[in-house]
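A.B. asks: If you're matching positions, the sequence shown starts at 165 in the numbering used here and goes up one per residue. Virtual Cβ for every residue (Gly too), placed ideally from N, Cα, C. Handing you a structure now.
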Amino acid sequence: MKNRLKVLRAERNWSQQALAEELGVSRQSVNAIETGRYDPSLPLAFQIAEVFELTIEEIFLRD
């Protein structure tokens, strides 16, 4: 699944580590989601959307 996570994170000058800490996941998990190697669970997707104050559909895109 494609996503805008890297762009959104960069717009806020957040490191992968900082976002990972906010989400309660590892930096490697954030990297894997950003590169499309891992699709987050639905609860994690909602949590990501909440952190960025966006809807899931504004972050995650259909292939």
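Once DSSP output is grouped into helix, strand and coil, what is the label at N167?
C.D. replies: strand
A.B. asks: Per DSSP, what kind of secondary structure is L218 in: helix, strand or coil?
C.D. replies: Shown here, L218 sits in coil according to DSSP, grouped into three states, outside any helix or strand.
A.B. asks: Quick one, are the C-beta atoms of I223 and L187 less than 8 Å apart?
C.D. replies: no
A.B. asks: Do the CB positions of K166 and D227 come within less than 8 Å of each other?
C.D. replies: Going by C-beta atoms, K166 is nearer than 8 Å to D227.
A.B. asks: Between F210 and I220, how many whole angstroms is the CB-CB distance? I'm expecting something under 8 Å.
C.D. replies: 7 Å
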